[in-house]
Every structure is written in structure tokens, then in C-alpha cells.
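Heads up: the sequence shown is residues -2 to 210, going by my numbering. Every residue, glycine too, gets a C-beta built ideally from N, C-alpha and C.
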Amino acid sequence: MPHDINEASVEKAYARWAPVYDLVFGKVFDAGRKASIAAAEKIGGRILDVGVGTGISLPDYRRDIRLVGVDYSAPMLKKAKERVVRLKLDNVEALAVMDAKFLGFPDAFFDAVVAQYVITAVPDPEATLDEFARVVKPGGEIIMVNHIGADRGSRKVFEQGFAPIARRLGWRPEFPWSRLANWASRHGGVRLVERMPMPPMGHFSLIRYTRLR
């Protein structure tokens, strides 16, 4: 797709967002963040939070959950590290600048992978999903919360028209469900266990895949 998201545009966009991200998106995305955390807590163990950003979600996890957070944006991650120190979040094992498409972890290392508002903001969603599936244990889950583009109607027209501006802000508003469905079918080692509409206005979804093997 012409003028699609790339690494440079993501890095630039989220460097701009870092100082104001919590203020702008804290309340708007709160329900989705908490729903994904609740799903991860049912699994427990060691959880990878991809796109951890400023670490706004980290204090909401139970303290018995072992957390590793990664993000492509160094300015965002600096905020996360400051939050961990300030709140004494000793269950956070590590925070690292990392490309979600090239996760520096062994196969089957995590009990769950959580990605909040991430998959529409990475340059290669399918390759990123492949990495999520690689690092999660069989029986573990990939837990996402994300905007899903409309299939039809006025919202679809708006999302397509807004797309060029949104890309400069670091995300794809017209991202269709079919990309996730097609990825899961091609991959063959995952199964969809939940797709639940989330606020605001049901335009977002909590999406859970389990790793089969």
C-alpha cells in the first residue's frame, strides 16, 4: 500500500506522542487496557507486553505477574522505566527497546503476549503476529485490543479518507478484520478464542488467540 507505515514514521510519531500520550489516551483506552490485562492475569506466569509505551498499563497487573515490556520508541520507553522506578514495580523483569517483528526472546518463552493498540501501528502486522506466536508457549495466548476497521458504510468511508492523516500519527484506522483472519488461517498454529467489542463505541475489540502447538 503506498505511503504505508514504516519504521521511520513510527519512530517519529511516537517520539512526538511520548510527552502527552497518557493525557491524550489514558482514559480513552482504559477499558481496553484493563480487559486485556484481566485476560492475561487468568493465564499468569511471565507475560510479554509489546508496545508497552509509557508503561501506563504496568501498575494495573497483579504483582505476582512477571512482566517484560518492549517498545520501538526509546522516548516512550524512558517514561515506562521512570514509572517502574517511581512505583517500585518489582514484578517488571525487563524493559527494552525492540522491534516487535524481531523479538529477541527464545521460542515458547512467555505464557502470554499482550499487545494493546499495537497491531495497526506496526509496519508489518503479519510478521509481527508470527513473532507473537513464536514466543508464546503452546496453550498460551496472544491477547490484543485494537481498533478494527469497518466492513461497510459511512465509518468505512471516513476511515479510508482519514487514513493518510492517521498514518502520520502512527496508525491505520482502516485495518480490516480480514487481515487477522487470513493471518490465523495461514499460520495454522493458532485458534481464535474471543473477539469482543470494546469502548469507545464498540469500534475496538479484545481479540484472543491461543497457541495450539
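Reference residue i, options the options, closest by Cα
i      : options                        : result
PRO56  : LEU100, ASN88, VAL47, ALA28    : ASN88
SER151 : GLY185, GLU171, ILE139, GLU128 : GLU171
GLU128 : ARG83, ALA112, LEU86           : ALA112
LEU84  : ILE53, ALA71, PHE102           : ILE53
SER33  : ARG183, VAL110, ASP148         : VAL110
Same chain, Cβ closer than 6 Å to residue i, neighbours up to 5 away in sequence not counted
i      : result
GLY199 : none
ALA97  : VAL47, VAL119, THR125
ASP148 : none
Cβ distance (whole Å) where residue i is taken to contact residue j below 8 Å
i      : j      : result
GLU90  : ARG63  : 6 Å
LEU209 : ARG188 : 6 Å
THR51  : LYS31  : Between LYS31 and THR51 the Cβ distance is about 16 Å, and since that is not below 8 Å, they are no contact.
TRP174 : ILE145 : 5 Å
VAL49  : VAL67  : 6 Å
Same chain, Cβ closer than 8 Å to residue i, neighbours up to 5 away in sequence not counted
i      : result
PRO196 : ALA28, GLY29
ILE116 : PRO122, THR125, LEU126, MET141, ASN143, PHE172, LEU177
Range covered by the beta strand (DSSP E) that runs through residue i
i      : result
HIS184 : Counting along the chain, HIS184 falls outside any beta strand (DSSP E), though it belongs to the alpha helix (DSSP H) covering 174 to 184.
ALA112 : 107 to 113
Cα-Cα separation, residue i to residue j
i      : j      : result
LEU92  : LYS39  : 22 Å
ARG59  : VAL65  : 14 Å
SER182 : ASP61  : 34 Å
ALA37  : HIS184 : 22 Å
TYR206 : PRO72  : 30 Å
Cβ neighbours of residue i in the same chain (closer than 7 Å, five flanking residues each side left out)
i      : result
GLY108 : One detail in the question is off: residue 108 reads as Asp in this sequence, not Gly. Cβ neighbours of ASP108 beyond the five flanking positions: ILE40, GLY41, GLY42, ARG43, ILE44, LYS134, GLY137.
PHE106 : VAL132
GLY101 : MET95
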